[in-house]
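What follows is a set of notes on a single structure, which appears directly below.
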Amino acid sequence: MARKRTDWLQIGSGKSYAHRVHRPLQCLIFISPLLIFYQVASAIHPWTPEQGDTPLVEAFVLMLKFFGIFGVAGNYFPLLAVVAILLAWHLARKDKWTCEPSLYLGMAAESIAWGIPIFIIGLALMRYASPVLPSLAAAPVLANVGALPFKSQLVLSVGAGVYEELLFRLIAITVLNILLIDVFELQVSAAIPLIILASALLFSIYHYLGEPFQTGTFLFRTGIGVYLAGIYIYRGFGIAVGTHTVYDIIVATYWQTHHQAL
Numbered sequence: 195m196a197r198k199r200t201d202w203l204q205i206g207s208g209k210s211y212a213h214r215v216h217r218p219l220q221c222l223i224f225i226s227p228l229l230i231f232y233q234v235a236s237a238i239h240p241w242t243p244e245q246g247d248t249p250l251v252e253a254f255v256l257m258l259k260f261f262g263i264f265g266v267a268g269n270y271f272p273l274l275a276v277v278a279i280l281l282a283w284h285l286a287r288k289d290k291w292t293c294e295p296s297l298y299l300g301m302a303a304e305s306i307a308w309g310i311p312i313f314i315i316g317l318a319l320m321r322y323a324s325p326v327l328p329s330l331a332a333a334p335v336l337a338n339v340g341a342l343p344f345k346s347q348l349v350l351s352v353g354a355g356v357y358e359e360l361l362f363r364l365i366a367i368t369v370l371n372i373l374l375i376d377v378f379e380l381q382v383s384a385a386i387p388l389i390i391l392a393s394a395l396l397f398s399i400y401h402y403l404g405e406p407f408q409t410g411t412f413l414f415r416t417g418i419g420v421y422l423a424g425i426y427i428y429r430g431f432g433i434a435v436g437t438h439t440v441y442d443i444i445v446a447t448y449w450q451t452h453h454q455a456l
């Protein structure tokens, strides 16, 4: 069979840094501190009483509901799902079992480097485009957590970075790849833009499960979805998670220091 279907998702077969950052095992090791932090912090963090139920990342909650369909309960199952998916992917690729500390430093640096521009773009839109589209005034504040303390926002930022990237990049892009390329047999060159746009739209729509729809924030979130999908495809899952987390933490920090101005 001609090489055309899932090969483009198998980037990482080379030995250079650019290839190794795509490898599932390296991504799992890189994001492990984030997985553990969110799992522990979301369980023990003293959330503000007025919030009622413990605030959790919606993607995490959706995964809990999915497992609940099969009668499986436990807040640790989403974490186990991340580990199982990446390990299964690692085994399927037949990569070596290695740990590369210097690689993770590079991935962290990349995450910061990719995360900052999103915030700068959002800030520019908030300041200069909001007169045209008023709902862009809140564009950089993706999560509706402004009323929460900074520590709470930090926990949610980490959880969103991991579980939203799992759902809307790793899982959604893989499923869309199967549908468009394997089932409908579109050429890869035509399918990739559709896959990126579709996953970005799903990512943006998802945010309105818990807040009113606004055109400005919808467009901004769709743009972020395209950006993160590109990072996932060309820089790997680990860096996509890191980028998303860095961006959300910057937003939370900005909100904490400038909320009165907003």
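Take the sequence shown: its letters are residues 195 to 456, numbered as in the numbering used here.
Beta carbons are placed, not taken as given, at the ideal position from N, Cα and C, and that holds for glycine.
Treat the numbers as computed from the prediction; the structure is a model and nothing was measured.
Identify which residue in 351, 396 and 302 has its Cα closest to the Cα of residue 420.
When each option's Cα is compared against that of residue 420, the closest is 396.
Which residue marks the beginning of the alpha helix (DSSP H) containing residue 442, and which one marks its end?
431 to 452
Following the continuous alpha helix (DSSP H) through residue 382, name the residue where it begins and the one where it ends.
382 to 400
Pick out whichever of 217, 269 and 211 has its Cα sitting closest to the Cα of residue 432.
217
Endpoints, the alpha helix (DSSP H) within which residue 214 is located
Run containing residue 214: 211 to 214, per the alpha helix (DSSP H) assignment.
Distance, Cα to Cα, residue 351 vs residue 223?
Cα-Cα distance, rounded: 19 Å.
Is the beta carbon of residue 435 less than 7 Å from the beta carbon of residue 279?
no
Nearest to residue 374 (by Cα), restricted to the options 385, 410 and 366:
385
Residue from 303, 302, 353 and 221 with nearest C-alpha to residue 233
Each of 303, 302, 353 and 221 was checked against the Cα of residue 233, and the nearest Cα belongs to 353.
How is residue 296 classed by DSSP in three states: helix, strand or coil?
helix
Starting from the Cα of residue 274, find the closest Cα among 229, 285 and 293 and give me that residue.
229
For residue 410, which option in 308, 322, 221 and 287 has the closest C-alpha, if you only look at C-alpha atoms?
322
Name the residue from 391, 349 and 267 whose alpha carbon lies nearest to the alpha carbon of residue 236.
The shortest Cα separation from residue 236 among 391, 349 and 267 belongs to 349.
Residues in the same chain with beta-carbon distance under 7 Å from residue 301, minus the five sequence neighbours each way, listed in chain order, please.
215, 224, 432, 433 and 436
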